[in-house]
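S.K.: These protein sequence lines are chains A and B, in that order. The opening residue of the first sequence carries number 1 in the working numbering; numbering runs sequentially from there. The opening residue of the second sequence carries number 1 in the working numbering; numbering runs sequentially from there. Backbone N, C-alpha and C fix where the C-beta goes; we use that ideal spot for every residue, glycine too. Note that the coordinates shown come from a computational prediction; the quantities given were computed from them, not determined experimentally.
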Amino acid sequence: MKRREAIDKLTGREAYIDDIAIAGVWWGCTVRSAVPRGRIRDIRFGAEIDWSEFVVVDHRDLPGPNQVAMIENDQPVLASDRVRHIHEAVLLLAHPDRDRLREARRAIHIEIDEEPAIFDYRVPPPADTVQHGGDNVFKRVRIDKGDVDAALVAADHVVEGVYETGAQEHVYLENQGMVGYVEDGVVTVKGSMQCPYYIHAALRHALARADNEVRVIQAATGGGFGGKEDYPSVLALHAALLALKAERPVKILYDRDEDMAATTKRHPARVRHRTGVTSQGRIVAQDIEVLLDGGAYVTLSPVVLSRGVIHASGPYHCDNVRVEGRAVLTNAVPFGAFRGFGAPQTIFACERHMDVIADELGMCPLGLRRKNLIQDGQSTSTGQVIRDGTDRIEILDRAVRDAEFHQREAADRAFNSTHPYLRRATGIATFYHGAGFTGAGETYLDSRAQVVGLATGEVEIRTANVEMGQGALTTFVKIVAEKLAVEPDRIRVAEVDTFHVPNSGPTVASRTSMIVGRLLERGCDALCATLGGDWTGDKFERELLRWHAEHPGQELIAEVRYEPPPGVEWDDERYEGSAYGTFAWATYAAHVEVDLRTFGVRLLDFVAVQDVGTVLDEVLAAGQVQGGVVQGVGWALMEECQFVDGAMANHNLTNYSIPSSDDVPPVRVVFYETPYAHGAQGAKGIGELPMDGAAPAIVNAVARATGARPAVVPLTPEVLMRVMGSA
Amino acid sequence: MRRFQVAMPKSVPGAVAASGDDFDETKFLAGGTDLLAEIKDHTQFPDVLVNLKSIPGLKEIKVSDSGVEIGALVTLSELASHKEIKRSWPALVEAIGHAASPQIRNVGTVGGNLCQRVRCWYYRHDEYPCLKKGGQICYAQQGENEYHSVFGNRICAAPHPSSTAPVLIAYGAQVEIHGPEGARTIDLEDFFHSPEDDVTQENILTSKEVVTKITLDRANTSKHSAYCEARERDAFDWSLCGATVNLQMDGDSVKRARVVLSAIAPTPVRRKDLEKVLVESGVGSGALEKIAKLSIRGARPLEQNEYKLTLVKAMLKRAILKAVKG
């Protein structure tokens, strides 16, 4: 089956929010703080502008609380008396002419009495920079398994390491954009998004409106990667506020500069490892400290931290594990969701550290991993017993075979000993990724989805999950078509509109195919139950038409709710239990060439082997893996967010380099398919997994090629030069 | 993006007639890959775009015994895939292969490539009223200048990004320019001018003049010609430093040489001093070292771009060795 919207996308027919013409629309823009922290003293409107032509919105125009409803509601929709980061929104303007808007924005002077700010998340905050709680800590998370201190004392060796990872920009193809309008008293927003019901909740809260007085509609969305998980709530509120005051539709489109400067990025992180190992390479204690830079507001940092902490100990069995995690405030533009959601940061540290341990013990890094990989019946750091039948050793071995690890090692050794300045080696990373929300998250979401039998004999899928390039639309259709054995063209997918689709949860956390897809399968069952039998194919359609003939004018809606798989229990206080319904497992191998003259790293080959449960669509699944690896290559080697006073200075695509097709060799993708009983057709989550593995595999390869011990990404030539200089 | 009008002249004199007295008023539009981006970035605000694509005859490549005439509107892709160009001017094909991305080369024209504006994030950002935009200072001098010029950078440090211009200069190309007084032809080498001449423009064109043709003479080409450049990323990236070498060889000796450096100064830079060494001393390793050393004489690296001096030497040596090999 072809991608459902492929032709529309290829021909440019797909209507993104920028393409949707709206009669009488005005343009909106945001006036932002130029300083990282301070008290707003005065706002001056330049005399050169006729302000009567403009609609101006400030915090006093909010009908409800001045809060972006998220985890802690600490972020204002518009700053009132203080700002906490550069680019913080203070005022909104609307005008029919976009150029006049630019001139007007320049004519506004926000005078701020600056206060001491903090930008380095790694140092304890001086007293005059404390802005949250007593210590700027947004969230603490702790995992305790066994007796780490005793095990460290008893261990033959203790290996320590500190690893740092940088921020990353999502670079979705389509910038953020939203239009707001009021229709029949209903405040409506339409635009680019991953989570319509997050926006719905944010609008209800800050606009003080009832459920049916706000409406959220998704327009075609050109990529998200988490960047359209939390931030669109802010943008939707801005568009809605302007529309309410202007009494007409108002559209806000960020250009690339504004989008990169003002919206969220991946959390920078520092992870410390202290690992006790026996002389034979058995890991007996893991003592891990995870620190995230949260930026100026809480946003999603607590849950990013949570996922990071749970993934920090890697796919290994160890009886004694302690992970202490903190996310702290800095006066940086808030960090937010990004593919992997904390796991890439901690997995980078864990997998680099595994190679360092192997080095210290004089062991082969493959042997060390084989010895410690979780086996069925053993448990993760949270005590979740893994019993999924996946052959994790075989996944590792397959990657080793496909990457010709041993043959290449010999060939590279010969090459490296003769070549004057090029050095080659293969690195690997073994990892896992929990699919779906963490802990009790899925239960808390209480997702609902509908499968509707239409009077035409067709079936309609109603969920709040969005197509954003990943292929959700096609996958959903495929799941229902195969379940009911009907042709895909007999299946419609309802527009994602909160007036028409139930809340099936956000399009995040690698949950869409696995969890919502499973809801759709159950919805098909429920629909058939109403039709009085386990119908499929033509028989199903006949029964559906018969039902409508017997119930003229009625709708046949089968709605199902999420039910946690049996045995999934989570203690959020003690961080114990089943952190995820299931994990996807993988080993990636990178073959690199390092140029000792330029310290540039070239990727020669990449092998990605994973078990993601049943593969629902080979092309889309391989696309997810290849895309995730490329995003990981960028994060590992070139994507460097350069911060000045907590704001990204290189906020455009000439100065923030992402990989081009020439920078990445063909990514060789291999799937193992051990079905997961509670995912659609046996599928597990796939979207985020590939983001986790590229960086550690590549940096491990660089370490093996050079003999240096790089512990930082992005590992730009400048950073590698410094590392090698001190080696 | 500010609104503008588009004029669709049917002839070159018509285009000249449609053009205004200054650059804020009218701009000539060819492929638009640079100009439209500038308009979208709010760094150019022309009232009228004079669209050259409506003029017939500017897209032809005419091959003759003496050389080739390239219409200014020939796209970079068309030029690089032309059989005769591939055969006789190989370094030009090499240089085009490095320019931007295939999508941009399919639209961008050779005339536009010569007339494109500089690479400089201050120039390209509307919040920085730099010298080029009529302002008072060059922000790069004390600012983020990693990618800027290391030669001729005292007034404006923005490097000229064209990778075809240095090669065309090395091949002795001439450009035909049309203006109110009719047509004239000049050496491409004399087409560019430095910030000292006029910091707001990179070439001698007035707002009423347009490039219509580029001419290459067979007498000036050689199989011993090569272009090398360094970039941060393998594709779709700017040149950090380019070196073009065009040698007329007789056995091991160099009879005539042209050497042009690019992306390291506000214009492509022909280096007659290096050409002289090549002719006098040849291409042995001693000569190469001498040339490399000489190549960075007079350079004035800024705080963050001293590395470009290393690149100048390396690219130059690579280009010479490649050219000698033929």
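Run through chain A and tell me which residues come within less than 7 Å of His98/B, C-beta to C-beta.
M.R.: Chain A residues near His98/B: none, gap ~11 Å exceeds 7 Å.
S.K.: Using a 10 Å radius around the Cβ and a threshold of 16 neighbouring Cβ atoms, would you call His551/A buried or exposed?
M.R.: His551/A is exposed by the Cβ-count criterion.
S.K.: List, in chain order, every chain B residue whose beta-carbon is nearer than 8 Å to that of Asp663/A.
M.R.: Chain B residues near Asp663/A: Arg233, Asp234 and Ala235.
S.K.: Reducing DSSP to helix, strand and coil, say where Gln103/B ends up.
M.R.: In the structure shown, Gln103/B sits in a helix (DSSP, three-state: H, G or I).
S.K.: Can you tell me where the beta strand (DSSP E) with Val493/A in it begins and where it stops?
M.R.: Residues Ile491 to Val493.
S.K.: Using a beta-carbon distance below 9 Å, is Phe4/B in contact with chain A?
M.R.: No, Phe4/B does not count as interfacial toward chain A.
S.K.: Mind listing the chain A neighbours of His42/B? Cutoff is C-beta to C-beta under 9 Å, in chain order.
M.R.: Simply Asp99 and Arg102.
S.K.: Between Thr587/A, Val619/A, Met648/A and Asn652/A, which has its C-alpha nearest Pro365/A's C-alpha?
M.R.: Answer by Cα proximity: Thr587/A.
S.K.: Leaving out five residues before and five after Ala157/B in sequence, what residues of the same chain have Cβ atoms less than 8 Å from its Cβ?
M.R.: Hits under 8 Å: Cys120, Cys138, Ala140, Gln141, Asn145, His148, Ser149, Pro266 and Leu302.
S.K.: Taking 9 Å as the threshold (beta carbon to beta carbon), is Glu78/B in contact with chain A?
M.R.: No, Glu78/B does not count as interfacial toward chain A.
S.K.: On a Cα-Cα basis, can you pick out the residue from Thr263/A, Pro334/A, Val304/A and Pro696/A that is closest to Gly295/A?
M.R.: Closest by alpha carbon: Pro334/A.
S.K.: Within 9 Å (strictly less), CB to CB, does Glu144/B reach chain A?
M.R.: True, the Cβ-Cβ gap to chain A drops below 9 Å.
S.K.: So, do the segment 183-199 of chain A and the segment 274-285 of chain A have three or more beta carbon pairs nearer to each other than 8 Å?
M.R.: No: fewer than three Cβ pairs fall under 8 Å.
S.K.: Return the chain-ordered list of same chain residues with a C-beta closer than 7 Å to the C-beta of Pro696/A, the five sequence neighbours on each side being excluded.
M.R.: Only Ile347, Phe348, Glu351, Arg352 and Ala429 meet the Cβ criterion.
S.K.: Pull up the distance between the alpha-carbon of His178/B and that of Arg271/B, whole angstroms please.
M.R.: One C-alpha to the other measures close to 29 Å.
S.K.: From this set, Val25/A, Asp257/A and Thr443/A, which residue's C-alpha is nearest Ala649/A's C-alpha?
M.R.: The shortest C-alpha separation from Ala649/A is found at Asp257/A.
S.K.: Going by beta-carbon coordinates alone, are Trp51/A and Ala117/A separated by less than 9 Å?
M.R.: In this structure, Ala117/A does not lie closer than 9 Å to Trp51/A by Cβ.
S.K.: If we cut at 9 Å on Cβ distances, does Arg105/B have a partner in chain A?
M.R.: Not closer than 9 Å to any Cβ of chain A, the Cβ of Arg105/B fails to qualify, so no.
S.K.: In angstroms with no decimal places, state the Cα-to-Cα distance between Ala727/A and Val712/A.
M.R.: With a pLDDT of only 46 at Ala727/A, under the threshold of 50, the placement of this residue in the model should not be trusted; the figure read from the coordinates follows. So the two alpha carbons sit approximately 14 Å from each other.
S.K.: Are Arg401/A and Phe415/A closer than 9 Å when you measure CB to CB?
M.R.: No. Outside cutoff.
S.K.: Once DSSP output is grouped into helix, strand and coil, what is the label at Leu237/A?
M.R.: Here Leu237/A sits in helix by DSSP.
S.K.: Tell me whether Glu394/A sits in a helix, a strand or coil according to DSSP, three-state version.
M.R.: Helix at Glu394/A.
S.K.: Which residues in the same chain as Asp230/A place their Cβ atom closer than 6 Å to its Cβ, once the five residues preceding and following it in sequence are excluded?
M.R.: Thr299, Leu300, Gly336 and Ala337.
S.K.: If I measure Cβ to Cβ from Asp42/A and keep anything under 7 Å in the same chain, skipping five residues before and after, which residues do I get?
M.R.: For Asp42/A, where only same-chain residues beyond five positions count, the Cβ hits under 7 Å are Glu111.
S.K.: Report the residues of the segment 645-676 of chain A with a CB closer than 8 Å to any CB of chain B, ordered along the chain.
M.R.: Answer in chain order: Ala649, Asn652, Thr654, Asn655, Ser657, Pro659, Ser660, Ser661, Asp662 and Asp663.
S.K.: Looking at the unbroken alpha helix (DSSP H) that takes in Gln790/A, where does it start and where does it end?
M.R.: Absent from the model: residue 790/A. The displayed extent of chain A is 1 to 727, so no value can be given.
S.K.: Going straight from the alpha carbon of Glu48/A to that of Leu253/A, what length do you get?
M.R.: The alpha-carbon atoms of Glu48/A and Leu253/A are separated by roughly 25 Å.
S.K.: Please classify Arg297/B: does DSSP put it in a helix, a strand, or coil?
M.R.: Correct three-state label for Arg297/B: coil.
S.K.: Does the distance from the CB of Asp605/A to the CB of Ala590/A come in under 9 Å?
M.R.: Cβ atoms of Asp605/A and Ala590/A: closer than 9 Å.
S.K.: Starting from the Cα of Phe476/A, find the closest Cα among Thr456/A, Leu519/A and Thr498/A and give me that residue.
M.R.: Nearest of Thr456/A, Leu519/A and Thr498/A to Phe476/A, Cα basis: Leu519/A.
S.K.: Is the Cβ of Ser207/B closer than 9 Å to any Cβ of chain A?
M.R.: Taking Cβ atoms only, chain A never reaches closer than 9 Å to Ser207/B, which makes this a no.
S.K.: If I'm right that Gly434/A touches Ile310/A with Cβ under 8 Å, what's the distance once you round it to whole angstroms?
M.R.: With 8 Å as the limit, Gly434/A and Ile310/A qualify as a contact, their Cβ atoms being about 7 Å apart.
S.K.: Please name the residue, chosen from Asp24/B, Arg3/B and Ile55/B, that lies closest to Val211/B on a Cα-to-Cα basis.
M.R.: Nearest option by C-alpha distance: Ile55/B.
S.K.: Under 8 Å: do the segment 313-325 of chain A and the segment 141-158 of chain A share three or more Cβ pairs, one atom per stretch?
M.R.: With the cut-off at 8 Å, the segment 313-325 of chain A and the segment 141-158 of chain A touch.
S.K.: Nearest chain B C-beta to Asp257/A closer than 9 Å, yes or no?
M.R.: At least one chain B Cβ lies under 9 Å of Asp257/A.
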